[in-house]
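These notes concern the structure reproduced below.
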Amino acid sequence: MIILTPRLIALPLIALLASCGIPQTITPRIAPASVAFAEAQRVEVVLDSFAFEPRTISLAADRPVVLVLVNNASGGHNFSAPGFFAAAQIAASDAAVITDGEVEVAPGGRVELRLIPAAGGYDLDCTHLGHSVLGMSGSIVVR
């Protein structure tokens, strides 16, 4: 019989917490002011019911895009893609919306981001507690 002592409970929790990554500070790269975002392709991503729709977002490398994030849920969600945002060039007017690779989208809210994506494959998820585990994850493919 194993007797659970505070030490036996605390040690696995400490090990688990130690394995958690420390958030990386990401400073957005600013897109040139001459970029014609008014003519850019618009790509809508819906955040709802613990899912991103589409789950895989396909974008053209080095071409301006307006990424439209729409939260149809009654609770908050975020669009967390640190690698994607670190590599992309962001319109100066939209840079403040991105914090360390994450964009918060309020319930029923909408956020538009003007950016130029860099080629690569990037992970995407919602970092709100439990959302990713419930299926709110995806990928961004830029070719």
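In terms of the working numbering, the sequence shown opens at residue 157 and continues consecutively.
We put the CB at the ideal spot given by N, CA and C, even for glycine.
Query                                                                                                                                       : Result
Just grab the DSSP bridge partners of A207 for me.                                                                                          : D204
Compute the Euclidean distance between the alpha carbons of G231 and P263, then round it to the nearest angstrom.                           : 5 Å
In whole angstroms, give me the CA-to-CA distance for F203 and E209.                                                                        : Sequence check: residue 203 is Leu here, not Phe. Roughly 7 Å between the two C-alpha positions.
Quick check: the Cα distance between P184 and P238, rounded to an integer number of angstroms?                                              : 10 Å
Quick test of your reading: P266 and V201, contact by CB under 8 Å. State the CB separation rounded to the nearest angstrom.                : The sequence shown places Arg at residue 266, rather than the Pro named in the question. Contact doesn't hold; Cβ gap of about 11 Å is too wide.
Assign D218 to buried or exposed, taking buried as 16 or more other Cβ atoms, counted over all protein chains shown, within 10 Å of its Cβ. : exposed
CB-CB under 7 Å to N234, same chain, minus the five flanking residues each way: which ones, in chain order?                                 : E258, V259, E260, V261, C282, T283 and H284
What number of angstroms, rounded off, separates the C-alpha of L280 from the C-alpha of A189?                                              : 27 Å
Considering just the uninterrupted stretch of the beta strand (DSSP E) at G277, what are its terminal residues?                             : G276 to D281
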